[in-house]
Amino acid sequence: MTVDVRTAARQLVPPAIGVAMLLGLWSALAASGLVKPRLLPSPNKVWQTLERSIGLLLEQATPTFLAAIAGIAAAALLGIALGIAVSASRRLMQAIYPTIVFFQLIPKVALAPVFLIWFGHGMAANVIFSIFIAFFPVLVATIAGLQATPPTYERLGESLMMPRLRIFFGVKLPFALPHIFSGLRIGVTFAVIGVVLGEFITAQAGLGYIILFSANNFETALLLAAIALLCVVGVLLFGFFLALEAVVLRVYDSR
Amino acid sequence: MSDRLRAAILPTAFALGVLALWQALVMAFHYPKVVLPAPTDIVAALIDNAGALVHQAVPTMRDTLAGFLLATVLGVGLASLLSFSRLVRDAVYPMIVLLQLVPKIAWTPLFIVWAGIGWPSRLTIATFIAFFPIFISMMAGLEATDRSLVRLSASLTATGWRTFRLVRFPASMTYLFSGLKIGATLAVIGVIVAEFISSSEGLGFLILKSAALLQTDLILAAIAVLCLLGVGFYGLVHAGEAAVRRWQGE
């Protein structure tokens, strides 16, 4: 028991000191007058702004949060489904995979204005753009995961005359799951980025809009409060996928 | 057909097929050029605006390269420093991993407030975004060094610095380059988003301006140039990795 407390302390105390030092440095910098409060308000001021504007911020965080959830959910479905379809045939994969890799490399955010021309300036365009951005990491991870099965396991399944569907669900999918979840973890951050970027450009609602609006008005405290809330949104979604991964992997392990 | 030949022909055929289908769809249904220009329209826009595109590509590439290089120096430097002290590493590392999770692109307006609307803010954003994957992969590489090698050099009375320079640093190159590749693509994204928000130059500015004027063909031409730059940049990092591998004699 004492050992547990000590390892926990060793894991928690240094980061806590790190955060405390950062906040201290920030407060000192803001209090010293070296930096204008307009550029860097004190942590205290940011906290007060967050408390005062929490109603507004939550109201704007809702569309961002919902759009990001819709984005990652659709991107996960599409990415996993297409990954499975492409992996079904070696030729199909040889034909399509390089194009997918090319799309991984290019800066897809540059396409945001095109999506707005195509789908208008509403929340739908943000969601579709978010799906587009979050889709590729999930797809690539699914393809990589389905190739990760050791060939001997597949051959064993075949020689046991297992039907293809059972080989897929019983052998290939369990090996692919860790890869798929690592793709989902990347995808979920991308989904948030896609939504916020859409909000930057259309500037009508959402946390992205608040961030841009407060930057234009030099309301740096509100800007930092909105960024903090966005970080909470990002970490919440990320945490959800971590939890899902833990649950799914446990289910698959216990079979 | 040999397997290698097929691996080259199939993807080319697929890409050409997609382009041909795109062209055929536009021609058959007479989509307005504003909504979906045909590939030939995009090529025409590329040729007509070649001067402007090159002119705008220069600042984008300059800020991207500078930001990437700065992020590499900072990321490798900080990871190396932290590898010498366990306590400092335990204090700083979790914070950086947490920051890795949050959507950092959203911080762009903050940097514009801090550094103005000129190139310094774009450089800072590119550096900030590219820093995290480079730092984290370098850190992972330094951690993953074979323990027995480190113990061997310690028992040969090598100093901490010598062990770092001759054992741990060379051993972390594979990890570092995987981070550099992610950093290279992120640096481009950072500069583009910053140009969307505040700039009066660069490909991002050109894209947004063309969007406002509904010149979709010019947007896609600019994106084509951007893709070329992005892939070229990635190829450069890849070539750097090959050079380091060869130099290390692998």
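Chains as they are written, first to last, in the working numbering: chain L, 144 to 398; chain E, 4 to 253. Backbone N, C-alpha and C fix where the C-beta goes; we use that ideal spot for every residue, glycine too.
*What do you get for Phe272(L), buried or exposed, if any count of 16 or more other CB atoms within 10 angstroms of its CB means buried?*
buried
*CA nearest to the CA of Arg153(L), picked from Thr63(E), Asp93(E), Val21(E) and Leu22(E)*: Per the C-alpha coordinates, the member of Thr63(E), Asp93(E), Val21(E) and Leu22(E) positioned closest to Arg153(L) is Asp93(E).
*Would you mind reading off the limits of the alpha helix (DSSP H) that contains Val21(E)?*
Asp6 to Phe32
*Do Leu183(E) and Ile195(E) come within 8 Å of each other at the CB atom, strictly closer than that value?*
No; because the gap between Cβ atoms is not below 8 Å, this pair is not in contact.
*Contact set for Val244(L): own chain, Cβ-Cβ below 8 Å, skip 5 residues either direction*: Val283
*Euclidean distance between Cα positions of Leu24(E) and Pro42(E)*: 10 Å
*With a cut-off of 8 Å on the beta carbons, I'd call Arg125(E) and Ser203(E) a contact; round off their distance for me.*
Taking 8 Å as the upper bound for CB-CB distance, Arg125(E) and Ser203(E) are not in contact here, some 12 Å apart.
*Would you please verify whether the beta carbon of Thr164(E) is less than 8 Å from any beta carbon of chain L?*
Here residue 164(E) turns out to be Trp, not Thr, going by the sequence shown. Under the Cβ distance rule, Trp164(E) does not count among the residues neighbouring chain L, no pair being separated by less than 8 Å.
*Output yes if chain L places a C-beta closer than 8 Å to the C-beta of Ala214(E); else output no.*
yes
*Within 8 Å, strictly: CB atoms of Pro40(E) and Thr242(L)*: no
*What residues of chain E sit near Leu340(L), judged by a beta carbon separation below 7 Å?*
Ile108 and Val196
*Pick from Ile329(L), Met266(L) and Phe262(L): whose alpha carbon is nearest that of Thr285(L)?*
Ile329(L)
*Give the residues of chain L in contact with Val247(E), contact being defined as C-beta atoms less than 8 Å apart.*
Among the residues of chain L, none has a CB under 8 Å from the CB of Val247(E); the nearest is roughly 20 Å distant.
_Under 7 Å from the C-beta of Pro97(E): neighbouring residues of chain B_ = Going by chain labels, chain B is absent from the structure shown, which instead holds the protein chains L and E.
*Based on Cα-Cα distance, which residue from Gly349(L), Tyr296(L) and Gly341(L) lies nearest to Trp261(L)?*
The shortest Cα separation from Trp261(L) among Gly349(L), Tyr296(L) and Gly341(L) belongs to Gly341(L).
*Tell me whether His241(E) sits in a helix, a strand or coil according to DSSP, three-state version.*
helix
*Under 8 Å from the C-beta of Tyr237(E): neighbouring residues of chain L*: Leu248
*asked:* What are the residues in the segment 260-285 of chain L lying within 9 Å of chain E by C-beta distance?
replied: Cβ contacts with chain E come from Ile260 and Trp261.
*Could you say which of Arg9(E), Ile12(E) and Ile45(E) lies nearest to Gln26(E) if we only look at CA atoms?*
Ile45(E)
*So, is the C-beta of Phe180(E) closer than 8 Å to a C-beta in chain L?*
no
*Residue of Ala215(E), Val29(E), Pro97(E) and Leu231(E) minimising C-alpha distance to Gly263(L)*: Ala215(E)
*asked:* Whether or not the segment 352-366 of chain L and the segment 179-196 of chain L are in contact is what I'm after, with contact meaning three or more pairs of Cβ atoms, one per stretch, closer than 8 Å; do they touch?
replied: yes
*Sorted by chain position, which residues of the same chain lie with C-beta nearer than 8 Å to Gln247(L)'s C-beta, five sequence neighbours on each side aside?*
Taken in chain order, the residues that qualify are Phe279, Pro280 and Val283.
_Between which residues of its own chain and Leu169(E) is the CB-CB distance below 8 Å, once the five residues before and five after are set aside?_
Ser156 and Ala161
*My guess is that Ser86(E) and Leu145(E) are in contact by the Cβ rule of under 8 Å, so how many angstroms apart are they, rounded?*
Separation of the CB atoms of Ser86(E) and Leu145(E) is rounded to 4 Å, and the pair is thereby assigned contact status at 8 Å.
*Anyone know if the C-beta pair for Gly300(L) and Thr332(L) falls short of 8 Å?*
no
*Could you tell me which of Leu392(L), Ala231(L) and Pro206(L) sits nearest to Leu308(L), measuring between CA atoms?*
Ala231(L)
*In three-state DSSP terms, what is Glu362(L)?*
coil
_Using the Cβ count rule (16 or more neighbours within 10 Å means buried), how would you classify His58(E)?_
exposed
*asked:* Between Leu104(E), Leu223(E), Thr130(E) and Pro35(E), which has its C-alpha nearest Leu77(E)'s C-alpha?
replied: Thr130(E)
*If we call anything under 8 Å between Cβ atoms a contact, is Ile99(E) one with Phe135(E)?*
yes
*Taking only beta-carbon positions, decide if Arg125(E) is within less than 8 Å of chain L.*
no
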